[in-house]
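S.K.: Chains as they are written, first to last, in the numbering used here: chain A, 1 to 363; chain B, 1001 to 1309.
Ideal Cβ placement from N, Cα and C applies to all residues, glycine included.
I have a structure here, written as C-alpha cells, and I will follow up with some questions on it.
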Amino acid sequence: MKRRTLLATGASAAVAAAMGMPVRAEGHEPLKVGFIYIGPVGDGGWTYQHDQGRLAVEEHFGDAVETIYQENVPESADAERAITQMVLSGADLIFTTSFGYMDATNTVAGKFPDVKFEHATGYRRDHPNVSTYDARFYEGRAVIGHIAGKMTKTNKIGYIASFPIPEVIQGINSSFLHAKKVNPDVEMVVIWAYTWFDPAKEADAAKAMIEQGVDVILQHTDSTAPQAAAAEAGNVFTFGQASDMAAFKPSPRIASIIDNWNPYYIKRVQDVIDGTWESGHSWGGMAEGEVVIGEITDAVPADVKAEAEAMIAAITAGEYHPFTGPINKQDGTPFLAEGEVATDLQLVQMDFYLEGMLGDIPS
Amino acid sequence: MDLSAISPVLLLAALMVAATPILLAAIGELVVERAGVLNLGVEGMMITGAICGFITAVATGSPMLGFVGAALGGAALSLLFGVLTQYLLSNQVATGLALTLFGIGLASLLGQGYVGVRAPSVPKLDIPVLSDLPWLGPILFRHDIIVYLGLAIVAAVWWFLRHSRGGLVLRAVGENHEAAHALGYHVTRVRMAAIAFGGACAGLGGAYLSLVRVPQWTEGVTAGAGWIALAIVVFASWRPGRLVVGAFLFGGITVLQLNLQAARVQIPVEVLSMSPYIVTIVALVALSARKGRGSAAPGSLGQSFHAAR
C-alpha cells in the first residue's frame, strides 16, 4: 500500500513537472531568454556569432533580461532534453540555433504553450509559439564567389560543405554562379564533411583540396581549421565563415561572411516584452544587416574589391538578386528565364546544382 | 571522375602525417598491455596531452617544449590510473573508462581561454639531399620531426621488447605476474613505469593533433583517435611492426576518403566515411579467425596483482 502511494505521488509530480506547472511562477521578472548552441561558444564561427547576439541582448536590455545558454548540444534526442531542461529552469523565450533542432523544438513547444520558441534555419512551425528565422547567406556567398573567381590562378575553387540541405546548396550555387561569371574556366570542388564542426576533419578536407590544386577555399563549416591549413600551405585564399575569423588576416583570409543576429534577437526579445510576439518566419539579408561582409583585405586587388563593394551595395539596396536569370540547372533544363528572379520558395527547396557544376549532390 | 587529380606522392605524404597521432598513442598502449595492464583511458590521455602541449607551446613559444609538456601531462594523468589500479587494485576496465571521461572534462576545463588562439608552428625538416629526391623526398623526408620521432619510438620499443633484458622482464610481468614476482621482479614498479610511458606517448599523439595536424585547440579535437589506437594494438596482435601497418592503413583511408571526394569519385560519401571503421572491424575479425590456437594477448592482461596473494 505504501509503495503504491509513493508511486502515485511520484507520478503526479512527474505530470506536474511535464505540464510545467510548479516551476514557472507567474509574472516573474526579469524575462529569461535561453539559447541552445550546437558547438562551443569559442568555435570562432557559427556559435560564437549567436553568442554575440546573446551578449547584445544582455547589453541592450540590462537588468530587464536574464540570459542562459547551453553549449555543445547534439542534434539528437539530447536536444529535446536540453530544451526541456531550459524550459523547466524558467526560460520564457528560447532560441535553438541549429537546423537539426527542428523536430525537438517543435515537440517541446507543443508541451509548453506559454514559452516562445525561435528556431534558426528551420521551416517547421507546428505550434503558434514557434517562430523560425534565417539569414540570406547566399547574398554573401555571391560576393565571395565573385572574389574567389577573380583570385584563383588554378581555376579550382574548393567548397567544404556540411550537409546536403537547401541552405548549403544555395551557398554552393550562389558562389559558383558568381565565380563563373567573372571566370568562365572556373571549376568547383566540393567535399561533404557531414559535420558542422570537426576541426580535424575540416583541416584534412582543406589539405586534400589543396593537394589537388585548389587555391581558393570556401567553407560552410564552423571552425577555423581550414584557415590554418591554408595558412600553412601558403598561396591559398580563404574566407571567414559565420564569424570574421580575423586572426587569419590579411591572408589567407581575404574576406568573410559574418552572421549578425544582434538586430533580430533584440527585436524579438522586445516583442516578447511588449506582448507583440507572433509566430512567423524571418529571412533577413544584407538589407536588414543580418549578413555582413567582413573587411576585404589588401591581398585582393583594388578593382576586385571595388566590384565586390558595388555588388554589396546593389544587393543591400535591393537592386540585384544573386539568383537572376537566365540560369539553367546542372542537367541543362531552365531554372530561371531571362530577367526572372528566384522566389523564396524556389530557394528553400533548392536541391540541385546549377549548370557547369561537376559531380552530384549526395542524396 | 578525375583520378589523375590525386597525386600519389602527396597522398602518401599526407598518409604519414595522418598516421602519426594514432601510431604514437598505440605504441604507448602496446607497451602498457605487454606489461599486463589494460588502460582504456587512451582517449582521455590524448586529449589531456593535446591541451597541455598547446598551453605549453603558447606560453613558451616553442612547439618542442609543447611536446614535452604534452608527454608530462599525459604521463601525469596515466599515473593517476596507475595508483588506482596498481596500489588500490581498482578494476582496470572501469578505471580506464573513467580516465577517458575525466580526461575529456579536464581538457575542456584547461582549454577555456585557449580556443581560437594560434600556436607556434612546428618547423618541417629539410634535409639537404634527401628532401630533393624525386618521389621519396616529399613522401619520406619533408615532414616535421615528430613523424620521425613516432617511427623511432616504434623501432626502439621493438628493440627493447625483443632484445633487451628490461624488455624480457616487462614481457614476463605481462605474461605471468605471479611467476615474475616469484623470480623477484617488482611487478607493480614495472607496470607503473609502463603506464607512465603509455601516458606520455598518448600525450604526444594528442599534441600532434593540436599543434601540427589541426593545428589549434578545440574541444573534442581527438575525435575518437584514442579508441582507434586501442583497436590497432589488438589488430597488431601486440607486435610493434604490425602496429605501423595498422596505423598507416587507418590514417590512409581517412585521407583517401577526402581525396576521392575532391576528385569526384562516384562513391556514396557515407560509404567512404564509414570505411575506416569497417576496415578496422574486418581486420580484427580476420585476425581472430586466423589465430586458431588461442589469443596472442599477454597472459595477465587486465588482471590486478597483489604480492600477498
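1. From residue 1180 of chain B to residue 1161 of chain B, what distance separates their C-alpha atoms?
2. Counting contacts by CB-CB distance shorter than 8 Å, is residue 358 of chain A in contact with chain B?
3. Are the C-beta atoms of residue 1254 of chain B and some chain A residue less than 8 Å apart?
4. In chain order, which alpha helix (DSSP H) runs of at least 4 residues are fully inside the stretch 1085 to 1154 of chain B?
5. Given a threshold of 16 other Cβ atoms within 10 Å of its Cβ, counted over all protein chains shown, does residue 349 of chain A qualify as buried or as exposed?
6. What are the boundary residues of the beta strand (DSSP E) that includes residue 1078 of chain B?
7. Is the beta carbon of residue 1255 of chain B closer than 8 Å to that of residue 1018 of chain B?
8. Using a Cβ-Cβ cut-off of 8 Å, state whether residue 224 of chain A counts as contacting chain B.
9. Work out the CA separation of residue 1048 of chain B and residue 1065 of chain B for me, nearest whole Å.
10. One question on the structure: do residue 1042 of chain B and residue 1230 of chain B come within less than 8 Å of each other, judged by their Cβ atoms?
11. Count the CB pairs spanning the stretch 243 to 261 of chain A and the stretch 140 to 151 of chain A that are closer than 8 Å, and state whether there are at least three.
12. Let me check understanding here. Comparing Cα to Cα, which of B/1070, B/1250, B/1115 lies closest to residue 1225 of chain B?
13. In chain A, what lies closer than 7 Å to residue 1006 of chain B by C-beta?
14. Since residue 196 of chain A sits in a beta bridge, which residues does DSSP pair it with?
15. Check each candidate in A/341, A/319, A/317 and name the one with the smallest Cα separation from residue 327 of chain A.
16. With a Cβ-Cβ cutoff of 8 Å, do residue 1119 of chain B and residue 1261 of chain B count as a contact?
17. Among the residues of its own chain, which have a CB less than 7 Å from the CB of residue 1012 of chain B, if the five just before and after it don't count?
18. Would a C-beta distance cut-off of 8 Å place residue 1212 of chain B and residue 1129 of chain B closer than the cut-off?
19. So with Cβ pairs under 8 Å, would you call residue 1218 of chain B a contact of chain A?
20. Going by C-alpha distance, which of A/33, A/309, A/128 is nearest residue 87 of chain A?
21. Run the CB neighbour count on residue 188 of chain A, radius 10 Å, all protein chains shown included, and call it buried at 16 or more, exposed below.
22. Run the CB neighbour count on residue 1281 of chain B, radius 10 Å, all protein chains shown included, and call it buried at 16 or more, exposed below.
23. Roughly how many whole angstroms lie between the Cα atoms of residue 96 of chain A and residue 335 of chain A?
24. Identify the continuous alpha helix (DSSP H) that holds residue 39 of chain A and give its terminal residues.
25. Using the three-state DSSP reduction, which class does residue 965 of chain B fall into: helix, strand or coil?
26. How many Å lie between residue 1033 of chain B and residue 78 of chain A at the Cα?
27. Taking one C-beta from the stretch 111 to 131 of chain A and one from the stretch 238 to 246 of chain A each time, how about it: are there three or more such pairs within less than 8 Å?
28. Determine the extent of the alpha helix (DSSP H) in which residue 1010 of chain B is found, giving its start and end residues.
29. Report yes or no: is there a C-beta of chain A within less than 8 Å of the C-beta of residue 1026 of chain B?
30. Within 8 Å (strictly less), CB to CB, does residue 26 of chain A reach chain B?
31. Taking C-alpha atoms, which residue in B/1234, B/1166, B/1037, B/1051 lies nearest to residue 1113 of chain B?
32. Among A/351, A/347, A/321, whose alpha-carbon lies nearest the alpha-carbon of residue 338 of chain A?
33. Within its chain, find whatever has a CB closer than 7 Å to the CB of residue 83 of chain A; leave out the 5 residues flanking it on each side and keep chain order.
34. List, in order along the chain, the chain A residues whose C-beta lies closer than 7 Å to that of residue 1142 of chain B?
35. At which residue ranges does the stretch 108 to 141 of chain A contain complete beta strand (DSSP E) runs of 3 or more residues, listed in the order of the chain?
36. What did DSSP end up calling residue 292 of chain A once you bin it into helix, strand or coil?
M.R.: Straight from the coordinates:
1. Looking up residue 1180 of chain B in the second sequence gives position 180. Looking up residue 1161 of chain B in the second sequence gives position 161. Taking the straight line from one Cα to the other gives about 16 Å.
2. Along the first sequence, one-based indexing puts residue 358 of chain A at 358. Taking Cβ atoms only, chain B reaches closer than 8 Å to residue 358 of chain A, which makes this a yes.
3. Start at 1 with the first residue of the second sequence, and residue 1254 of chain B comes out as number 254. Interface residue, yes.
4. 1092 to 1111, 1136 to 1140
5. Within the first sequence, the letter at position 349 stands for residue 349 of chain A. Result: exposed.
6. Here the question's residue 1078 of chain B lines up with position 78 in the second sequence. Looking at the DSSP string, residue 1078 of chain B is not in any beta strand (DSSP E); the run it does join, the alpha helix (DSSP H), is 1063 to 1082.
7. As a first step, residue 1018 of chain B must be located in the second sequence, where it is residue number 18. As a first step, residue 1255 of chain B must be located in the second sequence, where it is residue number 255. Their beta carbons are under 8 Å apart, which means residue 1018 of chain B touches residue 1255 of chain B by this criterion.
8. If you number the first sequence from 1, residue 224 of chain A lands on position 224. So, interface residue.
9. Stepping through the second sequence from its first residue, residue 1065 of chain B is reached at position 65. Stepping through the second sequence from its first residue, residue 1048 of chain B is reached at position 48. Roughly 16 Å separates the two Cα atoms.
10. Position 42 of the second sequence, counting from 1, holds the residue named residue 1042 of chain B. Position 230 of the second sequence, counting from 1, holds the residue named residue 1230 of chain B. Less than 8 Å divides the Cβ of residue 1042 of chain B from the Cβ of residue 1230 of chain B.
11. yes
12. The sequence position of residue 1225 of chain B within the second sequence is 225, counting from 1. Taking only the C-alpha atoms, the option nearest residue 1225 of chain B is B/1250.
13. As a working note, residue 1006 of chain B is residue 6 in the second sequence. Here the neighbours are 212.
14. Walking along the first sequence from the start, residue 196 of chain A turns up at place 196. BP columns for residue 196 of chain A are empty, so no partner.
15. Start at 1 with the first residue of the first sequence, and residue 327 of chain A comes out as number 327. Residue A/341 is the option with its Cα nearest to residue 327 of chain A.
16. Reading the second sequence from its first residue, position 119 is the one you call residue 1119 of chain B. Reading the second sequence from its first residue, position 261 is the one you call residue 1261 of chain B. No, these two residues do not count as a Cβ contact at 8 Å.
17. One-based indexing of the second sequence puts residue 1012 of chain B at position 12. Answer for residue 1012 of chain B: 1139, listed in chain order.
18. Position 212 of the second sequence, counted from the first residue, corresponds to residue 1212 of chain B. Position 129 of the second sequence, counted from the first residue, corresponds to residue 1129 of chain B. Cβ atoms of residue 1212 of chain B and residue 1129 of chain B: not closer than 8 Å.
19. Here residue 1218 of chain B is taken as the residue at index 218 of the second sequence, counted from 1. So, interface residue.
20. Position 87 of the first sequence holds residue 87 of chain A. Checking every option, the nearest Cα to that of residue 87 of chain A belongs to A/33.
21. The residue given as residue 188 of chain A occupies position 188 in the first sequence. It counts as buried.
22. In the second sequence, counting from the first residue as 1, residue 1281 of chain B sits at position 281. Exposed, by the Cβ-count rule.
23. Counted from its first residue, the first sequence places residue 96 of chain A at position 96. Counted from its first residue, the first sequence places residue 335 of chain A at position 335. One alpha carbon belongs to residue 96 of chain A, the other to residue 335 of chain A, and they sit about 33 Å apart.
24. Here residue 39 of chain A corresponds to residue number 39 of the first sequence, with the count starting at 1. Element bounds for residue 39 of chain A: n/a, residue is neither H nor E.
25. Residue coverage of chain B in this structure runs from 1001 to 1309, which leaves residue 965 of chain B outside it and unanswerable.
26. Numbered from 1 along the second sequence, position 33 holds the residue referred to as residue 1033 of chain B. Numbered from 1 along the first sequence, position 78 holds the residue referred to as residue 78 of chain A. Going by the C-alpha atoms only, they are around 36 Å apart.
27. no
28. In the second sequence, counting from the first residue as 1, residue 1010 of chain B sits at position 10. Start and end: 1008 to 1034.
29. Position 26 of the second sequence, counted from the first residue, corresponds to residue 1026 of chain B. Closer than 8 Å to the CB of residue 1026 of chain B there is not a single CB belonging to chain A.
30. Along the first sequence, one-based indexing puts residue 26 of chain A at 26. Confidence at residue 26 of chain A is low in this model, with a pLDDT of 46, below 50, so the placement of that residue should be treated as unreliable; the coordinate-derived value is given next. It does not: the Cβ of residue 26 of chain A has no partner Cβ on chain B nearer than 8 Å.
31. Residue numbering aside, residue 1113 of chain B sits at position 113 when the second sequence is read from its first letter. Ranking B/1234, B/1166, B/1037, B/1051 by Cα distance to residue 1113 of chain B puts B/1051 first.
32. Working through the first sequence from its first residue, we reach residue 338 of chain A at position 338. Minimum Cα distance to residue 338 of chain A is reached at A/321.
33. Residue numbering aside, residue 83 of chain A sits at position 83 when the first sequence is read from its first letter. Within the same chain, residue 83 of chain A has close Cβ partners 36, 94, 96, 104, 105, 108.
34. Along the second sequence, read from residue 1 onward, the residue named residue 1142 of chain B stands at position 142. Residues of chain A passing the Cβ test: none, with the nearest at roughly 13 Å.
35. 116 to 120, 130 to 135
36. The count along the first sequence starts at 1 and reaches residue 292 of chain A at position 292. Here residue 292 of chain A sits in strand by DSSP.
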